[in-house]
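Each remark here refers to the structure printed beneath this line.
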Amino acid sequence: MTVSSQDAPRDAVPDSVPAAEVAGPRLRAALEDIPAYLPGRPAAARADGRAVYKLSSNENPYPPLPGVLEAAVGAAGAFNRYPDLAAGELLAELSGHFGVPVSHLATGTGSVGVAQQLLQATAGPGDEVVYAWRSFEAYPIITQISGATSVRVPLTAGEEHDLDAMADAVTDRTRLVFVCTPNNPTGTAIGHAALSRFLDRVPSDVLVVIDEAYREFVRDDAAADGLALYRDRPNVCVLRTFSKAYGLAGLRVGFAVAHEPVAAALRKTAVPFGVSQIAQNAAIASLRAEPALLERVAALVTERTRVADALREQGWPVPDSQANFVWLRLGADTARFAAACEEAGVTVRPFAGEGVRITVAEPEANDVVLATAAAFRTSAQS
Ligand SMILES: *Cc1c(COP(=O)(O)O)cnc(C)c1O
Numbered sequence: 014m015t016v017s018s019q020d021a022p023r024d025a026v027p028d029s030v031p032a033a034e035v036a037g038p039r040l041r042a043a044l045e046d047i048p049a050y051l052p053g054r055p056a057a058a059r060a061d062g063r064a065v066y067k068l069s070s071n072e073n074p075y076p077p078l079p080g081v082l083e084a085a086v087g088a089a090g091a092f093n094r095y096p097d098l099a100a101g102e103l104l105a106e107l108s109g110h111f112g113v114p115v116s117h118l119a120t121g122t123g124s125v126g127v128a129q130q131l132l133q134a135t136a137g138p139g140d141e142v143v144y145a146w147r148s149f150e151a152y153p154i155i156t157q158i159s160g161a162t163s164v165r166v167p168l169t170a171g172e173e174h175d176l177d178a179m180a181d182a183v184t185d186r187t188r189l190v191f192v193c194t195p196n197n198p199t200g201t202a203i204g205h206a207a208l209s210r211f212l213d214r215v216p217s218d219v220l221v222v223i224d225e226a227y228r229e230f231v232r233d234d235a236a237a238d239g240l241a242l243y244r245d246r247p248n249v250c251v252l253r254t255f256s257k258a259y260g261l262a263g264l265r266v267g268f269a270v271a272h273e274p275v276a277a278a279l280r281k282t283a284v285p286f287g288v289s290q291i292a293q294n295a296a297i298a299s300l301r302a303e304p305a306l307l308e309r310v311a312a313l314v315t316e317r318t319r320v321a322d323a324l325r326e327q328g329w330p331v332p333d334s335q336a337n338f339v340w341l342r343l344g345a346d347t348a349r350f351a352a353a354c355e356e357a358g359v360t361v362r363p364f365a366g367e368g369v370r371i372t373v374a375e376p377e378a379n380d381v382v383l384a385t386a387a388a389f390r391t392s393a394q395s
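Under our numbering, the first residue of the sequence shown carries the number 14, and numbering increases by one thereafter.
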């Protein structure tokens, strides 16, 4: 019987070489055992039709800021064309907004994309990358991809960066240090004076990356201001993103502020045309919608205070969060607590055996968290 190629069952092609005899392409050993990036789980639909909330990825619960959707849709009409490679208009807008020269700015596919470019530019096999742990889960992944070795410095008992220990961990093999403030997932912010002293201790040929993904939510006046710290320090790079406060997580646009030649290295390592015109135009419109942004951020900060206070009232130790999430160190109870939240209609982000990160969102969602946490404490104590 002849079978036309159109009708051939998929598993019948190709029929040439048995898989066992083929070596397959050689992949870099660095890729073995890379931990998978675990995205926050989506909210599970409920049979009873009650509302469900995704509080697992620190996303903004609000729709796009005024004018942003229009800017994005306008750009979408021209997506047969490549975007502006240099993101010129966006860089000009950022330059004016943050008071930094255009030559000190570089954009990327989210600030994770920019962080990966920084590793490409600085580190490879035999080099070391220092960061606090637990911190942002992308750090170990992108470090391992680069071939460099992670040096993790445990957080203090207060869930903060141990900057003295981190400075001690810097060796002549260190090429990059990540400092995450506020820290994901604990929410704690580093003090400005403490970070300044730390930077004084790090050799000037080691790049220090201050990841400020949650900067807009900071209300502690003593917290570190990366943009003030980078100005007279050529080895400091500040990472910012449009994914969290600005609510553009799905459009993938972040940026770095750094002196030459770091900013130039970021332009060299960028995936050409990685940031779409839709993302560029939406980011510009977002920057221009600052009053509405500040209003939303203020509402989330108010909710953060309400949630943290209520949890403490219930007896939970809650570290001071300067971000749009709170951290509960649940240890062995982590999975059970996350399951209780899921059951109640909110999806949180568990870190097995350590704790749960809960995004602060709309009041109704936060109320579900508080009720679930109260019930969990009562059942744990009985
Ligand atoms: C969410 C987050 C980012 C930003 O990621 P994007 O790639 O910009 O979406 C960066 N750093 C930390 C610590 C984060 O939590």
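For every residue, glycine included, the Cβ atom is placed at its ideal position computed from N, Cα and C. The structure displayed is predicted, hence computed values, not measured ones.
Residue V339 holds the alpha-carbon nearest to the alpha-carbon of V320 among R370, D185, E308 and V339. Cα atoms of D140 and L261: separation of roughly 34 Å, rounded to the nearest angstrom. Below 8 Å, too few C-beta pairs join the region 75-90 and the region 336-356 to call them touching: fewer than three. Relative to ligand 1, F230 has its C-beta separated by 6 Å or more from all heavy atoms. Look at V288 here: in three-state DSSP terms it is coil, with no helix or strand label. In the three-state reduction of the DSSP assignment, A345 falls in the helix class.
Ranking G126, V369 and A295 by CA distance to the CA of W329 puts V369 first. G200 has its CB no nearer than 6 Å to any heavy atom of ligand 1. One alpha carbon belongs to D175, the other to Q293, and they sit about 36 Å apart. Taking every protein chain shown into account, the CB of H272 has 16 or more other CB atoms within 10 angstroms, so this residue is buried. With a beta-carbon spacing of about 12 Å, A99 and Q290 fall beyond the 8 Å limit used to define contacts. Taking the Cα of S392 as reference, the smallest distance to any Cα among A353, R362, T372 and T318 is reached at A353. In the structure shown, the three-state DSSP call for Y75 is coil. Counted as a single uninterrupted DSSP element, the stretch harbouring L220 is not any alpha helix (DSSP H) but the beta strand (DSSP E) occupying residues L220 to D224. Per DSSP, reduced to three states, the secondary structure at K257 is coil, with no helix or strand assignment.
Judged by their CB atoms, K257 and A298 are not nearer to each other than the 7 Å cut-off. When DSSP reads this structure, I371 sits in a beta bridge with V339.
DSSP, read as helix, strand or coil, puts S209 in helix. Bounds of the beta strand (DSSP E) holding L189 are T187 to C193. When DSSP states are grouped into helix, strand and coil, R228 belongs to the helix group.
For L132, same chain residues with a beta-carbon under 8 Å away, outside a window of 5 residues either side, are V142, I155, T156, I158, S159, A161 and L189 in chain order.
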